[in-house]
Structures are given as structure tokens and as C-alpha cells.
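Visitor:
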Amino acid sequence: MTKEEIMQTLNSIFAEVLKQPRIQLQEDSSAQNIDGWDSMANLALLDQSEKTFDIHFKMREIMKMKNVGDLCDTIYNKVNP
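Note that the numbering used here has the sequence shown beginning at 292, numbered continuously upward.
#1: Tell me whether the beta-carbon of Ile314 lies closer than 7 angstroms to the beta-carbon of Ala306.
#2: Can you tell me whether Thr293 is helix, strand or coil according to DSSP?
#3: Which residue marks the beginning of the alpha helix (DSSP H) containing Gly360, and which one marks its end?
#4: How is Met298 classed by DSSP in three states: helix, strand or coil?
#5: Near Val308, what residues of its chain come up, given a Cβ to Cβ distance below 8 angstroms and the 5 sequence neighbours on each side ignored?
#6: Excluding sequence positions up to five away, which residues of its chain have a Cβ less than 8 angstroms from the Cβ of Thr343?
#7: Use the C-beta contact count for Met298: other C-beta atoms within 10 angstroms, 16 or more gives buried, fewer gives exposed.
Listed below in C-alpha cells is the structure:
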């Protein structure tokens, strides 16, 4: 799976969880610049990402994620070992 495919899938996940069908994620998108991305939404986003990509995040991986690009990179490394 390519990073572009992961970003497209993440865009769909974010649109559904945050109820923002027109959202357009960028690698530097973060909770600071996306309305509705609070701590509860973050849990839902991570949970849905794990289910969708059939992966599991370690706590240290989650703590290192600062934006969508970090999330995409982490997923990419897990689905392309």
C-alpha cells in the first residue's frame, strides 16, 4: 500500500469520525488546525485506523505522532514491513 493510498483512506476515516465530508487532509494537518479533533475524536480516529488497516499502535508510537503525516508514516511502516 502506498502513502497516497493510506492518505486517501485516512481522509475517509477523518471525514466519517469528525463528520466533515469535505475535509482534505495534508501531512501537516493536526488537532491544532482541524475543527472537532479533540481528545475523544483522537481515540476514535486511532481506533478506526487500527481496524481499517488491521494494525495495532503501541503507546510510544501514538505519543510520537504530532500530525497526519506522522500517522501516515506509522501506518505505512506497519503495513509494509
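Just so it is clear, CB atoms sit at the ideal spot from N, CA and C, and this is done for glycine as well. All of these numbers come straight from a predicted model, not from anything done at the bench.
Guide: For this structure:
#1: By one-based count along the sequence shown, residue 314 stands at place 23. By one-based count along the sequence shown, residue 306 stands at place 15. Yes, these two residues count as a Cβ contact at 7 angstroms.
#2: Counting from one through the sequence shown, the residue named residue 293 turns up at place 2. Coil.
#3: Taking the first residue of the sequence shown as position 1, residue 360 is located at position 69. Residues Val359 to Val370.
#4: In the sequence shown, the residue the question calls residue 298 occupies position 7. Correct three-state label for Met298: helix.
#5: Walking along the sequence shown from the start, residue 308 turns up at place 17. Once the five neighbours on either side are set aside, the close Cβ partners of Val308 are Ala332, Ala335, Leu336 and Gln339.
#6: For the purposes of this step, residue 343 is identified with residue 52 of the sequence shown, where counting begins at 1. Excluding residues up to 5 positions away in sequence, Thr300 and Ile304 lie with their Cβ nearer than 8 angstroms to the Cβ of Thr343 in the same chain.
#7: Numbered from 1 along the sequence shown, position 7 holds the residue referred to as residue 298. By the neighbour-count rule (16 or more Cβ atoms within 10 Å), Met298 is buried.
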